[in-house]
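This report refers to the structure that appears directly beneath it.
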Amino acid sequence: MLRKIRLAAVGLLLLMLALLAADFIQSLVRLNNVVIEGEFNKEKVVSDGEDSIILTVRVTENGQPRVNDTMQAWLQPGNGLMIPEWSYTDENGEVEIIFTPNPATAYDIKTDSIINVIDINIGRWLEVDKSFSIQVPVEVPLTSD
4 MLRKIRLAAV
14 GLLLLMLALL
24 AADFIQSLVR
34 LNNVVIEGEF
44 NKEKVVSDGE
54 DSIILTVRVT
64 ENGQPRVNDT
74 MQAWLQPGNG
84 LMIPEWSYTD
94 ENGEVEIIFT
104 PNPATAYDIK
114 TDSIINVIDI
124 NIGRWLEVDK
134 SFSIQVPVEV
144 PLTSD
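Taking this note's numbering, the leading residue of the sequence shown gets 4, the next gets one more, and so forth.
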């Protein structure tokens with residue numbers, strides 16, 4: 004009796020592992036068909052603490068928009084306000100991210116900001132992701148000294 008219970012438990016465990024492995028493999032195959040693209044609404048953003056730039060990120064799979072995908076965004080390196088950090092793609096597979104750089108000073112004229120975006124919804128049970136990075140065209144404001 005105990006042997007049958009152990010055998011059933013091992014069989015159930017192997018079945019669960021097989022399902023997870025199949026999901027992972029299927030996700031890796033689908034990953035090649037997922038494309039993440041992004042573009043800004045203007046050429047440059049001035050680091051004066053007031054100017055903002057909008058990054059529109061579009062996620063497609065086989066040319067079709069991926070709807071309700073969870074997207075996470077973060078700055079690396081960079082300083083400023085970027086919202087939202089977490090969002091869902093709309094019916095066009097798009098997300099808008101607004102970035103406002105901190106004001107540049109004589110001591111901190113950082114101009115290199117990179118926005119990283121990751122789509123974490125490729126797999127059904129396991130987290131398989133695809134990422135995208137884009138350099139923000141930050142410009143230091145002219146001083147009137």
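Using N, Cα and C, we set each Cβ at its ideal position, and we do this for glycine too. Bear in mind the structure is a predicted one, so any value in this text is a computation, not a measurement.
When the options are compared against residue i, the one with the closest alpha-carbon
{"i": "residue 99", "options": "91, 64, 59 and 28", "result": "59"}
{"i": "residue 73", "options": "132, 107, 10 and 20", "result": "132"}
{"i": "residue 37", "options": "108, 61, 53 and 48", "result": "61"}
{"i": "residue 110", "options": "124, 85 and 143", "result": "143"}
{"i": "residue 108", "options": "87, 18 and 82", "result": "82"}
{"i": "residue 140", "options": "55, 20, 90 and 14", "result": "55"}
{"i": "residue 41", "options": "92, 115 and 105", "result": "92"}
Rounded separation between residue i and residue j - CA only
{"i": "residue 119", "j": "residue 16", "result": "37 Å"}
{"i": "residue 30", "j": "residue 145", "result": "49 Å"}
{"i": "residue 28", "j": "residue 103", "result": "39 Å"}
{"i": "residue 53", "j": "residue 88", "result": "19 Å"}
{"i": "residue 86", "j": "residue 14", "result": "47 Å"}
{"i": "residue 48", "j": "residue 79", "result": "17 Å"}
{"i": "residue 35", "j": "residue 19", "result": "25 Å"}
{"i": "residue 5", "j": "residue 32", "result": "41 Å"}
{"i": "residue 105", "j": "residue 67", "result": "36 Å"}
{"i": "residue 115", "j": "residue 24", "result": "40 Å"}
Close beta carbons around residue i, own chain, < 6 Å, minus the five adjacent residues each side
{"i": "residue 57", "result": "44, 99 and 101"}
{"i": "residue 138", "result": "117"}
N-terminal and C-terminal residue of the beta strand (DSSP E) that residue i is part of
{"i": "residue 74", "result": "73-78"}
{"i": "residue 101", "result": "97-104"}
{"i": "residue 133", "result": "133-142"}
{"i": "residue 37", "result": "37-43"}
{"i": "residue 118", "result": "115-122"}
Cutoff 7 Å; reference residue i; Cβ partners in own chain excluding five residues on either side
{"i": "residue 39", "result": "60, 62, 120, 122, 133 and 135"}
{"i": "residue 46", "result": "140"}
{"i": "residue 51", "result": "106 and 144"}
Extent of the continuous alpha helix (DSSP H) run through residue i
{"i": "residue 31", "result": "5-34"}
Cβ-based burial, residue i [other Cβ within 10 Å; buried from 16]
{"i": "residue 97", "result": "buried"}
{"i": "residue 76", "result": "buried"}
{"i": "residue 9", "result": "exposed"}
Close beta carbons around residue i, own chain, < 8 Å, minus the five adjacent residues each side
{"i": "residue 11", "result": "none"}
{"i": "residue 69", "result": "37, 62, 63, 92, 96, 122 and 124"}
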